[in-house]
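The structure is reproduced here in structure tokens:
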């Protein structure tokens, strides 16, 4: 019989049955894990050196309480056979409410003998991208203690920004001073949790979930600004929002290994963000005006991963596009596939 452990996270009782969860599965949508490459796998120390695989273990906490996590051991598998394990330092990781946090970069060092006996060495020679392709066949089991409860996560490595939300603006813009709208937003220090949420998973559903959560929790960030941008018609309002973001918020892509989801207040003060930060800000303004909207994620040139996200506003005859990454209002770049996320349908 499996043993059930009961624990409290964010005021909600959750049962951990058999103390095993698969990666990206959530404690009742409260906590998730990602094991993410933090650099390029490579042979170190010459031809007969070790295969070095740098990675990080990141936890995302979507509750109103801080979570304490410890990782006593991590196992590494190749083609379902264990090839190594490490014991990270026993320091406790504190993950703040509505945020992500990670342990310092960890490394698996796979010796030449293991490379030979496991078949990794042969596969590195046969596969087109060598070490990078080999790592795709690996998985890890993370043994952790979450708020004192033992939990086991099984994960594959995610390399780079898997979702690839990053269709970029064509040129750097000369944005206007935020002094023009400073009176419409709160001081940066007046609200809690103004730092970006880092979503290292790169998983598109996870990204959209976090975006929705940010907009729902921080609607006060754009309340006055939304009233200021309201036009005489739906199209006029959408045009005002597009022009505002295009004029005042510089496009700046995130790093290759972390997706930063800024709350509107942070974006408005920093005057920078990428397409997901644009979409959070625009979604917040529309939500304050009670205007239904959809986040559309898209891929281009038949690439498997999604590369971009922007806002569309449904109308009786179709929809209005609000995408300030592009230069023109109501413009949409042709895509090869898309996925739509209706904010109000999933709003909690």
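Numbering (this note's numbering), first residue to last: 69 to 416.
Idealized CB from N, CA, C, for every residue including glycine.
- Message: Distance check for residue 408 and residue 224, CA to CA, integer angstroms please.
- Response: 26 Å
- Where do the N-terminal and C-terminal ends of the beta strand (DSSP E) with residue 125 fall, by residue? 118-129
- C-alpha gap between residue 343 and residue 116, whole angstroms: 44 Å
- When 152, 369, 103 and 294 are compared against residue 470, the one with the closest alpha-carbon: Any answer about residue 470 is impossible in this case: the structure gives the chain only from 69 up to 416.
- Check residue 339 in the structure and name its three-state DSSP category. coil
- Item | Within 8 Å, strictly: CB atoms of residue 313 and residue 411 | no
- Query: Under a Cβ-count criterion, where at least 16 other Cβ atoms within 10 Å of its own Cβ denotes burial, should residue 334 be classed as buried or exposed?
  - Reply: buried
- Query: Would you call the CB atoms of residue 133 and residue 99 closer than 8 Å?
  - Reply: no
- Message: Quick check on this structure: which residue in 354, 126 and 211 has the alpha carbon closest to the alpha carbon of residue 286?
- Response: 354
- For residue 299, I'd like the list of residues in its chain whose CB is within less than 6 Å of its CB, leaving aside the five on either flank, ordered along the chain. 305 and 308
- Query: To which residues of the same chain is residue 227 closer than 6 Å at the C-beta, ignoring the five residues directly before and after it?
  - Reply: With a pLDDT of only 45 at residue 227, under the threshold of 50, the placement of this residue in the model should not be trusted; the figure read from the coordinates follows. So the list reads 105, once near-sequence residues are dropped.
- Item | N- and C-terminal bounds of the beta strand (DSSP E) containing residue 400 | It is not in any beta strand (DSSP E) - residue 400 carries neither H nor E in the DSSP assignment.
- Query: Rounded to a whole number of angstroms, what is the C-alpha to C-alpha distance between residue 358 and residue 352?
  - Reply: 10 Å
- Message: For a test of the three-state rule: what should DSSP assign to residue 276, helix, strand or coil?
- Response: helix
- What whole-angstrom Cβ distance do residue 277 and residue 393 have, given they're in contact under 8 Å? Actually they are not in contact, since the Cβ atoms of residue 277 and residue 393 sit about 22 Å apart, beyond 8 Å.
- Query: Candidates 340, 101 and 397: which alpha carbon is nearest residue 213's?
  - Reply: 101
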